[in-house]
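Reading through the structure tokens given below for one structure.
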Amino acid sequence: MTTPPAPADQPTAPTAVKHTPFEDALGILTGTFVVSLGLFLLESVSAVTGGTAGLSLLVSYVAPLPFAVLFAAVNLPFFLLAITKKGWSFTLRTGAAIALVSGFSVLHPAVFGTVDLPPLYGVLAGNALAGVGLLILFRHRSSLGGFNIVALIAQERLGWRAGYVQMALDTTVVLAAFAVVPATTVLLSALGAVLLNLVLAMNHRPGRYTGY
């Protein structure tokens, strides 16, 4: 028995188009620039966000070390973990992204100097930019490492939902900020972290994007 042909007006699934190496390189460069600009805005208002980027920001407020150094150091254990769990392609792209964000974090203060922003604007704009930048990185098979890797491994090995693990780790970072920054800033940071995750949740869904 043969399968009847689909109606002429029935939409067909789009064909996946692979990114070229140049597109991947440009995408990672663009994504890391946007993320680092968002982190610069967050740092300008002494706010934090989730992930190892937020953890590095938090430590930079109490330790006499620049964010670029802390971000690379915090991600090193996760980078080594990714080699065995996620493969070399993903690991190298992630390593490049981490290095670029660290480099751009030095560039922005040199260009803009000290900026005076309303805290609400700094938190919301910073997290929105960070979310868009992460979305670009995910679309080019890269990430900023850290908690993303832990969440994926917990799901694969323990059966825990990766999203819940990521949320728990991000919440821990934001709560830890109570010991460092004013409570109002922490609450704004929590609001910003929700915005960042909404950007990813609404735009990074299975079947919504066919490039790889």
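Take 0 as the starting number for the sequence shown in numbering that gives the first Met the number 0 and just add one per residue.
Ideal Cβ placement from N, Cα and C applies to all residues, glycine included.
Please read all numbers here as calculations on a predicted model, not as lab measurements.
Only exposed fits Ala200, as fewer than 16 other CB atoms lie within 10 angstroms of its CB. Annotation for Tyr120: the continuous alpha helix (DSSP H) segment containing it runs Pro118 to Arg138. Closest in alpha carbon position to Gly144, among Leu38, Leu75 and Phe21, is Leu75. Ranked by how close their Cα comes to the Cα of Pro108, the residues His18, Leu197, Thr184 and Ser35 have Ser35 in first place. Taking 8 Å as the upper bound for CB-CB distance, Gly50 and Asp169 are in contact here, some 6 Å apart. Judged by DSSP secondary structure, Leu64 falls outside any alpha helix (DSSP H); it is assigned neither H nor E.
CA-CA distance, Ala189 to Thr48, rounds to 7 Å.
For Thr29, the enclosing alpha helix (DSSP H) stretches over residues Pro20 to Ser43. For Thr90, the enclosing alpha helix (DSSP H) covers residues Trp87 to Phe111.
Residue burial annotation: Arg156 is exposed, with fewer than 16 other C-beta atoms found within 10 angstroms of its C-beta. Separation of Ile148 and Phe111 (C-alpha to C-alpha, rounded to the nearest whole angstrom) is 33 Å.
Take Gly125, set aside five residues on each side of it, and the residues of its chain with a beta-carbon closer than 6 Å to its own are Gly37, Leu40 and Leu41, in chain order. With contacts defined by Cβ atoms closer than 8 Å, Gly191 and Leu123 form a contacting pair. For Val180, the CB contacts under 6 Å within the same chain, skipping 5 residues up- and downstream, are Ser45 in chain order. DSSP, read as helix, strand or coil, puts Val73 in helix.
The beta carbon of Gly26 sits closer than 6 Å to those of Ile135 and His139, all from its chain and outside the five residues before and after it, given in chain order. In this chain, the alpha helix (DSSP H) harbouring Gly191 covers Ala182 to Asn202. The distance from the Cβ of Ala71 to that of Ser101 is about 5 Å, consistent with a contact at the 8 Å cut-off.
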